[in-house]
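Colleague: Residue numbers (my numbering), protein chains in the order written: chain A, 29 to 339; chain B, 4 to 200.
Idealized CB from N, CA, C, for every residue including glycine.
Got a structure for you, written out below as structure tokens; questions coming shortly.
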Amino acid sequence: MVVVPPPSATALPAAPAPAVYRHAPGDPLEKFNRHMYAIHQKLDRAVLRPAAMGYKHAIPSPVRGGVRHFFSNLGEPVVFLNFVLQFKLHSAARTAVRFILNSTIGVAGLIDVAKGSAFELPHLPNGFGDTLGYYGVKSGPYLFLPLVGPTDFRDLLGSQADGLLLPLAVGRPFDRLEYAVPKAVLTGLDARAEYDADLKALLDDALDPYATMRSVYLQDRAGEIAALKGTSADVSMPGDEIDPAAKGARASATPELEDPLADPAARPVPPSTGPKPAAAPELRDPLKDPADFRPVAPVPPAADPGAPARR
Amino acid sequence: MRSRFLAPTLLLVPAAAVAQAEDPARATVQALDDGLIAIMKSGKAGGVAGRSALIAPIVDRTFDLPLMTRLVVGPSWNTIAPADQTALVTAFRKMTVGQYARNFDSWSGESFVIAPQVEERAGDKLVRTTLRGSGEPVSISYRLRQNGGRWKIIDVFYKNSISQLATRRADFSAILASGGPKALIAHLDQLATKSGD
Chain A
29 MVVVPPPSAT ALPAAPAPAV YRHAPGDPLE KFNRHMYAIH QKLDRAVLRP AAMGYKHAIP
89 SPVRGGVRHF FSNLGEPVVF LNFVLQFKLH SAARTAVRFI LNSTIGVAGL IDVAKGSAFE
149 LPHLPNGFGD TLGYYGVKSG PYLFLPLVGP TDFRDLLGSQ ADGLLLPLAV GRPFDRLEYA
209 VPKAVLTGLD ARAEYDADLK ALLDDALDPY ATMRSVYLQD RAGEIAALKG TSADVSMPGD
269 EIDPAAKGAR ASATPELEDP LADPAARPVP PSTGPKPAAA PELRDPLKDP ADFRPVAPVP
329 PAADPGAPAR R
Chain B
4 MRSRFLAPTL LLVPAAAVAQ AEDPARATVQ ALDDGLIAIM KSGKAGGVAG RSALIAPIVD
64 RTFDLPLMTR LVVGPSWNTI APADQTALVT AFRKMTVGQY ARNFDSWSGE SFVIAPQVEE
124 RAGDKLVRTT LRGSGEPVSI SYRLRQNGGR WKIIDVFYKN SISQLATRRA DFSAILASGG
184 PKALIAHLDQ LATKSGD
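Here's what the structure looks like:
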């Protein structure tokens, strides 16, 4: 099998947050979060992962899949509502049809018939955290919580609202512990088991797993919300013009992308004037080569063979 | 006699090749993807070392590793001694090669589909690909920049949003801030030894 190489790199024990730097951009609670991360890792090693792998090996795959689909299907009303709140009526309708199909011929959601080639209605993720982001609510500080994992203030609030919809709108049995506890345990174990390979590939190769996970989470969420806003890939991107001379003028949703990598000793870069294609947010960060910005000297430094001249 | 029949064909072939949009940036990505499929097909037999040896020259050709290292390190690059700069690029290269060799270790029908159109912005190009296998397709995009007349990869995006450079920058920053370049080199080397062949 292929494990897509994680965006992180490289191994070794976690690097402790150094004294000199207080927190990374977007993570004002870094000290607290790193504590929580350490607690979570201990819990994971001692209980979560062993239990999840036990669940995976003890329960046949079709049964686990059925349980996964069952709970996922009960989440579709939340997805539907959020598409409506975002006035994405086509996706809302697809989600509604999907929910009806899976709840009926899919035997109360146990079988994902809607996804198959007959209907081609795969699950579309959405939630209140997405709706908040869609309407411009910033993520707020990043949070890492034991058992919850990586999140932020907006998404934590959103996921609480997601979880309240059925209990409030329908009531029994969704507001009972007899439902909520098995749901939390089964979906938690299943997700942990399903993501195990990816998580291992990501974190085993990280020098600083905490920072790697934070970076991936924040970038992933920013990408999902950009996609809902239609600012990804194939649609035009408002406000994506970055003037290379205006350093840090525009805060990016992904804190790691904020730094345009301009050296203080940089020679001034002429602002690019050509028309900018609208697509490809991936090209937003100018990615200026730090080696390029040396004081203009009569002789180019020989020690810098790799730097292409960027104009 | 023969050449008379061949001539029109010969004229058509290059035209068709051009029409296929053999964008040089796309060709770079194609070379990497072909290399990745090759090491996947070579399987576990050669071990990490065998797959590393196969993919290393391709990584060297398709990635601008020195530039990627500089971008990951950021503005403090210019304060780093030249010997440490060289060591960082070497470590970064080893890490990149090792990661591909470890993760692409078997083949079960996966393929890469490279989008025909190449997007461009401010001199850089973006080539989109999709990894198709047994599960959900995965979008992987490559950002390329021209260096010495060749288009080389300088960043890789997963799901169109997760930048490898940005993630590595986050991953390295605490160690760089606390221990400087030497600590980072030590960590990277230690990793290479641990996970290497």
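#1: Between A:E252, A:M64, A:Q69, which lies nearest to G161 (chain A) when the distance is taken from Cα to Cα?
#2: Along the chain, where does the beta strand (DSSP E) that runs through S89 (chain A) open and close?
#3: Is the beta carbon of F156 (chain A) closer than 9 Å to that of A189 (chain A)?
#4: Nearest chain A C-beta to A18 (chain B) closer than 9 Å, yes or no?
#5: Suppose the cutoff is 7 Å on Cβ atoms and the five residues either side in sequence are ignored; what does the same chain contact list for R29 (chain B) look like?
#6: Give me the Cα-Cα distance between K116 (chain A) and G137 (chain A), rounded to the nearest whole angstrom.
#7: So is Y238 (chain A) buried or exposed if we call it buried at 16+ other beta carbons inside 10 Å?
#8: Which same chain residues end up closer than 8 Å to R77 (chain A) when comparing Cβ atoms and leaving out the 5 residues on each side of it in sequence?
#9: With a threshold of 6 Å on Cβ separation, who are the neighbours of P69 (chain B) within its own chain once the five nearest residues in sequence on each side are excluded?
#10: Report the CB separation of A254 (chain A) from S164 (chain B) in whole angstroms; it is logged as a contact under 8 Å.
#11: Smallest Cα separation from A146 (chain A): which of A:N154, A:T215, A:N130?
#12: Does the structure place the stretch 170-183 of chain B close enough to the stretch 238-248 of chain A that three or more beta carbon pairs sit under 8 Å?
#13: Measuring alpha carbon to alpha carbon, tell me which of A:E310, A:L193, A:P169, A:G177 ends up nearest D55 (chain A).
#14: Is the CB-CB distance between P309 (chain A) and A125 (chain B) below 9 Å?
#15: What does a CB cutoff of less than 7 Å around W154 (chain B) pick up in its chain, not counting 5 residues either side in sequence?
#16: Could you name the residues of the same chain whose beta carbon sits closer than 6 Å to that of L173 (chain A), not counting the 5 residues immediately before and after it, in chain order?
#17: Quick check on DSSP: helix, strand or coil for F107 (chain B)?
#18: In three-state DSSP terms, what is D262 (chain A)?
#19: Does the Cβ-Cβ distance between S45 (chain B) and L57 (chain B) come in under 9 Å?
#20: Check for me: the beta strand (DSSP E) holding N163 (chain B) runs from which residue to which?
#21: Should the stretch 92-101 of chain B be regarded as contacting the stretch 185-193 of chain B, the criterion being three or more beta carbon pairs within less than 8 Å?
#22: Could you tell me how far apart the beta carbons of R122 (chain A) and L152 (chain A) are, in whole angstroms, since I believe they sit closer than 8 Å?
#23: Straight-line CA distance for G82 (chain A) to V209 (chain A)?
#24: For D180 (chain A) and L171 (chain A), which I take to be in contact (beta-carbon distance under 8 Å), what is that distance rounded to the nearest angstrom?
#25: Taking all protein chains shown into account, do 16 or more other C-beta atoms lie within 10 angstroms of the C-beta of D37 (chain B), making it buried, or fewer, making it exposed?
#26: Distance cutoff 9 Å, beta carbons only. Does A319 (chain A) sit that close to anything in chain B?
#27: Does the beta carbon of K309 (chain A) come closer than 9 Å to any beta carbon on chain B?
#28: Quick check on this structure: which residue in A:V106, A:L217, A:S187, A:S243 has the alpha carbon closest to the alpha carbon of F75 (chain A)?
#29: Any idea which residues DSSP pairs V141 (chain B) with across the strands?
#30: For V165 (chain A), which residues from the same chain have a beta carbon less than 7 Å from its beta carbon, with the 5 sequence-adjacent residues on both sides left out?
#31: If you drop the 5 nearest sequence neighbours on each side, which residues of the same chain put their C-beta closer than 7 Å to that of V159 (chain B)?
#32: Whole angstroms are fine: how far does the CA of D248 (chain A) sit from the CA of K316 (chain A)?
#33: Measure the C-alpha to C-alpha separation of F97 (chain A) and S114 (chain B) and round it to an integer number of angstroms.
#34: Report the start-end ranges of each alpha helix (DSSP H) in the stretch 61-112 of chain B that is 4 residues or longer and not cut off at the edges.
#35: Just to make sure I have the definition right: I need the residues of chain B whose C-beta is within less than 7 Å of the C-beta of A219 (chain A). Which are they?
#36: Going along the stretch 143-162 of chain B in order, which residues come within less than 8 Å of chain A, judged by CB to CB distance?
Modeller: The short version:
#1: Locating residue 161 (chain A) in the first sequence gives position 133, where the first residue counts as 1. The option with the nearest alpha carbon to G161 (chain A) is A:E252.
#2: For this step, residue 89 (chain A) is matched to residue 61 along the first sequence. Unbroken run through S89 (chain A) is the alpha helix (DSSP H), 89-102; no beta strand (DSSP E).
#3: Stepping through the first sequence from its first residue, residue 189 (chain A) is reached at position 161. Stepping through the first sequence from its first residue, residue 156 (chain A) is reached at position 128. Yes; because the gap between Cβ atoms is below 9 Å, this pair is in contact.
#4: Counting from 1 along the second sequence, the entry for residue 18 (chain B) is found at position 15. Legend: pLDDT at A18 (chain B) = 48, less than 50; position of this residue unreliable, no value from coordinates given.
#5: Position 26 of the second sequence, counted from the first residue, corresponds to residue 29 (chain B). So the qualifying residues of the chain are I117, V121, V130.
#6: Start at 1 with the first residue of the first sequence, and residue 116 (chain A) comes out as number 88. Start at 1 with the first residue of the first sequence, and residue 137 (chain A) comes out as number 109. The straight-line gap from Cα to Cα measures roughly 24 Å.
#7: Your numbering for residue 238 (chain A) matches position 210 in the first sequence. By the 10 Å Cβ count, Y238 (chain A) comes out buried.
#8: Stepping through the first sequence from its first residue, residue 77 (chain A) is reached at position 49. Counting only Cβ-Cβ distances below 8 Å, and skipping sequence neighbours, we find R220, D224.
#9: In the second sequence, residue 69 (chain B) corresponds to position 66, counting from 1. Answer for P69 (chain B): V92, listed in chain order.
#10: Position 226 of the first sequence, counted from the first residue, corresponds to residue 254 (chain A). Position 161 of the second sequence, counted from the first residue, corresponds to residue 164 (chain B). Correct: roughly 7 Å between the Cβ atoms.
#11: Stepping through the first sequence from its first residue, residue 146 (chain A) is reached at position 118. Answer by Cα proximity: A:N130.
#12: yes
#13: Position 27 of the first sequence, counted from the start, is the residue given in the question as residue 55 (chain A). D55 (chain A) has its Cα closest to that of A:P169, out of A:E310, A:L193, A:P169, A:G177.
#14: Against the first sequence, residue 309 (chain A) aligns to sequence position 281. Against the second sequence, residue 125 (chain B) aligns to sequence position 122. Taking 9 Å as the Cβ cut-off, P309 (chain A) and A125 (chain B) do not qualify as a contacting pair.
#15: In the second sequence, counting from the first residue as 1, residue 154 (chain B) sits at position 151. The residues are P27, A28, T31, K128, L147.
#16: Reading the first sequence from its first residue, position 145 is the one you call residue 173 (chain A). M64.
#17: Looking up residue 107 (chain B) in the second sequence gives position 104. Strand at F107 (chain B).
#18: Here residue 262 (chain A) corresponds to residue number 234 of the first sequence, with the count starting at 1. A caution first: D262 (chain A) carries a pLDDT of 32, below 50, which makes its placement in the model unreliable, though a value can still be read off. Of the three classes helix, strand and coil, the one that applies to D262 (chain A) here is coil, per DSSP.
#19: Locating residue 45 (chain B) in the second sequence gives position 42, counting from the first residue. Locating residue 57 (chain B) in the second sequence gives position 54, counting from the first residue. Going by C-beta atoms, S45 (chain B) is nearer than 9 Å to L57 (chain B).
#20: Reading the second sequence from its first residue, position 160 is the one you call residue 163 (chain B). Unbroken run through N163 (chain B): none, as it is neither H nor E.
#21: yes
#22: As a first step, residue 122 (chain A) is located in the first sequence; it is residue number 94 there, counting from the start. As a first step, residue 152 (chain A) is located in the first sequence; it is residue number 124 there, counting from the start. Right, their Cβ atoms sit about 7 Å apart.
#23: Locating residue 82 (chain A) in the first sequence gives position 54, where the first residue counts as 1. Locating residue 209 (chain A) in the first sequence gives position 181, where the first residue counts as 1. G82 (chain A) and V209 (chain A): Cα-Cα distance of roughly 19 Å.
#24: Sequence index remark: in the first sequence, residue 180 (chain A) carries index 152 (1-based). Sequence index remark: in the first sequence, residue 171 (chain A) carries index 143 (1-based). The pair is a contact, with the Cβ atoms about 6 Å apart (cut-off 8 Å).
#25: For the purposes of this step, residue 37 (chain B) is taken as residue 34 along the second sequence, with counting starting at 1. Classification for D37 (chain B): exposed.
#26: One-based indexing of the first sequence puts residue 319 (chain A) at position 291. Yes - at least one Cβ of chain B is within 9 Å of the one on A319 (chain A).
#27: In the first sequence, residue 309 (chain A) corresponds to position 281, counting from 1. Per the sequence shown, residue 309 (chain A) should be read as Pro rather than Lys. Yes, P309 (chain A) counts as interfacial toward chain B.
#28: Position 47 of the first sequence, counted from the start, is the residue given in the question as residue 75 (chain A). Residue identity differs from the one stated: residue 75 (chain A) is Val in this sequence, not Phe. With distances taken between Cα atoms, V75 (chain A) lies closest to A:L217.
#29: By one-based count along the second sequence, residue 141 (chain B) stands at place 138. B:L134, per the DSSP bridge assignment.
#30: Counting from 1 along the first sequence, the entry for residue 165 (chain A) is found at position 137. Answer for V165 (chain A): R182, listed in chain order.
#31: Within the second sequence, numbered from 1, the residue matching residue 159 (chain B) stands at position 156. Cβ neighbours of V159 (chain B) beyond the five flanking positions: I143, Y145, Q167.
#32: Taking the first residue of the first sequence as position 1, residue 316 (chain A) is located at position 288. Taking the first residue of the first sequence as position 1, residue 248 (chain A) is located at position 220. About 23 Å.
#33: The count along the first sequence starts at 1 and reaches residue 97 (chain A) at position 69. The count along the second sequence starts at 1 and reaches residue 114 (chain B) at position 111. Residue identity check: residue 97 (chain A) is His in the sequence provided, not Phe. Cα to Cα, H97 (chain A) sits roughly 28 Å from S114 (chain B).
#34: 68-76, 85-106
#35: Position 191 of the first sequence, counted from the first residue, corresponds to residue 219 (chain A). By Cβ distance, chain B contributes nothing, its closest Cβ being about 15 Å from A219 (chain A), past 7 Å.
#36: I143, S144, R146, R148, Q149, N150, G151, I157, D158, V159, F160, Y161, K162
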